[in-house]
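Participant: Going down the list, the protein sequences come from chains A and B. Per my numbering, the very first residue in the first sequence carries number 731; after that it's consecutive. Per my numbering, the very first residue in the second sequence carries number 155; after that it's consecutive.
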Amino acid sequence: MEKRLILDTDLLQITINRLVEELIENHKDFQNTVLIGLQPRGKFLAQRIQKRLNERLNKDLPLGLLDTTFYRDDFRRRDTPLQANATKIPFIIEDKKVILIDDVLFTGRTVRAALDAMIAFGRPRLVELLTFIDRKYTRDLPIQADYVGRRVNTIKTQRVLVEWTDQGAENDKIWLVTNEEQ
Amino acid sequence: MTNLSVNHLLGIKDLTADDIQLIFQTADHFKEVINRPIKKVPSLRDITIANIFFENSTRTKLSFELAEKRLSADVVNFSSSNSSVKKGETLLDTVNNILSMKVDMVVMRHSSPGAAHFLSRNIQANIVNAGDGTHEHPTQALLDTYSIREQIQDLKGKKVAIIGDILHSRVALSNIYALKKLGAEVMVCGPATLLPRYISELGVEISWDVKEALEWCDIANILRIQLERQQLKYFPSLREYSLYYGVNKKLLDGLGKEIILMHPGPINRGVEISSDVADSKQSIILNQVENGVAIRMAVLYLLAQKRQN
Chain A
731 MEKRLILDTD
741 LLQITINRLV
751 EELIENHKDF
761 QNTVLIGLQP
771 RGKFLAQRIQ
781 KRLNERLNKD
791 LPLGLLDTTF
801 YRDDFRRRDT
811 PLQANATKIP
821 FIIEDKKVIL
831 IDDVLFTGRT
841 VRAALDAMIA
851 FGRPRLVELL
861 TFIDRKYTRD
871 LPIQADYVGR
881 RVNTIKTQRV
891 LVEWTDQGAE
901 NDKIWLVTNE
911 EQ
Chain B
155 MTNLSVNHLL
165 GIKDLTADDI
175 QLIFQTADHF
185 KEVINRPIKK
195 VPSLRDITIA
205 NIFFENSTRT
215 KLSFELAEKR
225 LSADVVNFSS
235 SNSSVKKGET
245 LLDTVNNILS
255 MKVDMVVMRH
265 SSPGAAHFLS
275 RNIQANIVNA
285 GDGTHEHPTQ
295 ALLDTYSIRE
305 QIQDLKGKKV
315 AIIGDILHSR
325 VALSNIYALK
335 KLGAEVMVCG
345 PATLLPRYIS
355 ELGVEISWDV
365 KEALEWCDIA
375 NILRIQLERQ
385 QLKYFPSLRE
395 YSLYYGVNKK
405 LLDGLGKEII
415 LMHPGPINRG
425 VEISSDVADS
435 KQSIILNQVE
445 NGVAIRMAVL
455 YLLAQKRQN
């Protein structure tokens, strides 16, 4: 197994700050905008973005968590069973601008399922996608992110490993992992 | 533990404690789903489920049907009262005919103990036992224990009394298995004529005195007198049963503690439980009904996950 560092702690923080500035540029004071992190891994990035936005705007922005397990189109087609995570959307999304947040955009199937799952909570006015790592040329569906932390060239057998201190890692880091046997 | 250890839900006896916990955890998520504005998820949209009921049922059938529809499965319903069973068709023929219509899962209630086991050995579909005679009613036991867990978190060491017609109850047997697997202590209580002889072999306490049972327990699960299953007279009259075994407010007030009251329904009001007690704050009867849908969604979802594509 070979691990290559894509983003170190400093660069990761700079990237978050840059993404937050882009969001503020488009959503100003976030009057009618809500954040939704995709479970399980988009949660940590969403919490960082919310924290930084709160500092910048001096507000307490709402953050929801959305689990897409029951909406996936690959249910029963995967080697490992799917385990659900909590969905907590403590606000109304009807007519709101929603920013979906996930750490890695790969095939686009999670985002497709997320759009389906989100509609069960109401009809948003606008939906945007923010992703930290956009894996280029790996999409199964025509889905693109509106805000991207970093675009990387990968092949299907590689995976992006995102480590957060919130999850118990020593530092915030993002790695590209290549399995040798593949 | 990420998947069920069984391909069919025939009885609680076949499940491990991990299986039960997995069903509970999955049901937690489905409970959140059924409290959303849109209570439906597309998980089972490619699955067809047949509900085959050879015996009457209101809440179990409704609950399964709702669970299936909320998972977006295609549903067909069958009841024996207006079917070819009346013309002498066998169980296997009936089910095979239904399966020829490309049904993936079968939810079956039957008056013969072991009918679901028989079916699981002879057909390809996943079987969910919705009650087989006086044998097991696994989803009822799962929703009962899930409802208790909701009130007191951990069942380990908790005392549960099952009161009433144990002999004719499939709920009692499944409940005993489920509660014991989760570490609870169980007592059965009822007239000697309604307690089966083998019951002590299941590792449960026995009492013939309802007051003693109520004083002992933290949770009382009160069962219905199943008059439709009683060929003989097991007690002199309903009035006498109610007098000696009915749970009423006076009895509960004398305990000096508050216990949780359950009943799998349908209730014979004024016989095994008085109306004011059934509708009191201590009673979690309606929680049981609500949880039934979430539990059945979890069971169907987890069994579907085990299907080969």
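Using N, Cα and C, we set each Cβ at its ideal position, and we do this for glycine too. Only a predicted model underlies this, so the values are computations on that prediction, with no experimental measurement involved.
#1: Pairing CB atoms from the stretch 173-181 of chain B with CB atoms from the stretch 198-217 of chain B, are three or more of them under 8 Å?
#2: In whole angstroms, what is the alpha-carbon distance linking Asn276 of chain B and Thr840 of chain A?
#3: Let's see if you can read the secondary structure: which residues bound the beta strand (DSSP E) around Ile281 of chain B?
#4: Determine whether the Cβ of Ala171 of chain B lies closer than 8 Å to any Cβ atom of chain A.
#5: Between Lys167 of chain B and the rest of its own chain, which residues show a CB-CB distance below 6 Å, the 5 nearest in sequence each way excluded?
#6: Could you check how far apart the C-beta atoms of Ala899 of chain A and Ile831 of chain A are, in whole angstroms? I think they sit under 8 Å.
#7: Express the C-alpha separation of Leu253 of chain B and Leu397 of chain B in angstroms, rounding to a whole number.
#8: Tell whether a beta-carbon distance below 8 Å holds between Leu768 of chain A and Thr798 of chain A.
#9: Given a cut-off of 8 Å, decide if Arg881 of chain A and Asp864 of chain A are closer than it, judged by their beta-carbon atoms.
#10: Rounded to a whole number of angstroms, what is the C-alpha to C-alpha distance between Tyr801 of chain A and Val195 of chain B?
#11: Identify whether Ile177 of chain B lies in helix, strand or coil by the three-state DSSP scheme.
#12: Beta carbons nearer than 9 Å to chain B: which residues of the stretch 795-819 of chain A have them?
#13: Assign Asn329 of chain B to one of two classes, buried (16 or more other C-beta atoms within 10 Å of its C-beta) or exposed (fewer than that).
#14: Looking at the structure shown, is Asn402 of chain B part of a helix, part of a strand, or coil, going by DSSP?
#15: Quick check: what's the CA-CA separation for Tyr455 of chain B versus Leu198 of chain B?
#16: Around the Cβ of Val230 of chain B, are there at least 16 other Cβ atoms within 10 angstroms (buried) or fewer (exposed)?
#17: Distance, Cα to Cα, Ile421 of chain B vs Val160 of chain B?
#18: Compute the distance between the beta-carbons of Leu860 of chain A and Ala844 of chain A, then report whether it is under 8 Å.
#19: Once you ignore the five residues that flank Val401 of chain B on each side, which residues in its own chain have a CB closer than 8 Å to its CB?
#20: Checking 8 Å against the spacing of the C-beta atoms, do Leu783 of chain A and Val750 of chain A come in under that value?
#21: Could you tell me which chain B residues have their CB closer than 9 Å to the CB of Ala844 of chain A, listed as they occur along the chain?
#22: Closer than 7 Å between beta carbons: that is the criterion. Which residues of the stretch 437-462 of chain B meet it against chain A?
#23: Determine whether the Cβ of Ser197 of chain B lies closer than 8 Å to any Cβ atom of chain A.
#24: In three-state terms, what does DSSP make of His291 of chain B?
#25: In whole angstroms, what is the alpha-carbon distance linking Glu785 of chain A and Lys886 of chain A?
#26: When the Cα of Lys411 of chain B is compared with those of B:Gln380, B:Asp372 and B:His291, which residue comes out closest?
#27: Can you have a look at Gly772 of chain A and say buried or exposed, based on whether 16 or more other CB atoms are within 10 angstroms of its CB?
#28: For a contact defined as C-beta to C-beta under 9 Å, what are the partners of Val187 of chain B on chain A?
#29: How many Å lie between Ala452 of chain B and Glu359 of chain B at the Cα?
#30: For His162 of chain B, write down the residues that DSSP places opposite it in a beta bridge.
#31: Across which residues does DSSP place Met262 of chain B in a beta bridge pair?
#32: Distance, Cα to Cα, Arg391 of chain B vs Gly424 of chain B?
#33: Comparing alpha-carbon positions, which option in B:Ile439, B:Lys387, B:Asn251 and B:Lys313 lies nearest Thr347 of chain B?
#34: Could you name the residues of the same chain whose beta carbon sits closer than 7 Å to that of Ile353 of chain B, not counting the 5 residues immediately before and after it, in chain order?
#35: Do Phe232 of chain B and Arg450 of chain B have their C-beta atoms within less than 8 Å of each other?
Facilitator: By the coordinates alone:
#1: Proximity of the stretch 173-181 of chain B to the stretch 198-217 of chain B falls short of the contact definition, fewer than three beta-carbon pairs being nearer than 8 Å.
#2: Approximately 38 Å, taken between the alpha carbons.
#3: Where Ile281 of chain B is concerned, the enclosing beta strand (DSSP E) stretches over Asn280 to Asp286.
#4: The beta carbon of Ala171 of chain B does not come within 8 Å of any beta carbon belonging to chain A, so the residue lies off that interface.
#5: Answer for Lys167 of chain B: Tyr331, listed in chain order.
#6: Not really, about 19 Å apart at Cβ, beyond 8 Å.
#7: So the alpha carbons of these two residues sit roughly 49 Å apart.
#8: It is a contact, given that the beta carbons lie within the stated cut-off.
#9: Taking C-beta atoms as the reference points, Asp864 of chain A and Arg881 of chain A count as a pair closer than 8 Å.
#10: The alpha-carbon atoms of Tyr801 of chain A and Val195 of chain B are separated by roughly 6 Å.
#11: For Ile177 of chain B, the three-state secondary structure derived from DSSP is helix.
#12: For the stretch 795-819 of chain A, which is checked against every Cβ of chain B, the residues closer than 9 Å are Asp797, Thr799, Phe800, Tyr801, Arg802, Asp803, Phe805, Arg806, Arg807, Thr810, Pro811, Leu812, Gln813, Ala814, Asn815, Ala816, Thr817, Lys818 and Ile819.
#13: The residue is buried, with at least 16 neighbouring Cβ atoms inside 10 Å.
#14: Reduced to three states, the DSSP call for Asn402 of chain B is coil.
#15: Their Cα atoms are separated by approximately 7 Å.
#16: The residue in question, Val230 of chain B, is exposed, as its Cβ has fewer than 16 Cβ neighbours within 10 Å.
#17: Here the alpha carbons of Val160 of chain B and Ile421 of chain B stand approximately 33 Å from one another.
#18: Taking 8 Å as the Cβ cut-off, Leu860 of chain A and Ala844 of chain A do not qualify as a contacting pair.
#19: Excluding residues within five positions, the ones whose Cβ falls inside 8 Å are Ile317, Val364, Leu368, Ala374, Ile376, Leu415, Glu426, Ile427, Ser428 and Val431.
#20: The criterion of a C-beta distance shorter than 8 Å is satisfied by Leu783 of chain A and Val750 of chain A.
#21: None at all; the shortest Cβ gap to chain B is about 13 Å.
#22: The residues in question are Ala458, Gln459 and Arg461.
#23: So, interface residue.
#24: Annotated three-state conformation of His291 of chain B is coil, per DSSP.
#25: One C-alpha to the other measures close to 38 Å.
#26: The closest CA to that of Lys411 of chain B, considering only B:Gln380, B:Asp372 and B:His291, is found on B:Asp372.
#27: Gly772 of chain A should be labelled buried.
#28: Those within 9 Å of Val187 of chain B in chain A are Phe800, Thr817 and Ala850.
#29: When only Cα atoms are considered, Ala452 of chain B and Glu359 of chain B end up about 31 Å apart.
#30: In the DSSP assignment, no residue is bridged to His162 of chain B.
#31: For Met262 of chain B, the beta-bridge partners assigned by DSSP are B:Ile206 and B:Asn283.
#32: In the sequence on display, residue 391 of chain B carries Ser and not Arg. Distance between Ser391 of chain B and Gly424 of chain B, taken at the CA atoms: about 13 Å.
#33: Nearest to Thr347 of chain B by C-alpha distance, out of B:Ile439, B:Lys387, B:Asn251 and B:Lys313, is B:Lys387.
#34: Taken in chain order, the residues that qualify are Ile320, Val342 and Ile360.
#35: Annotated as distal: Phe232 of chain B and Arg450 of chain B, with beta-carbon spacing of 8 Å or more.
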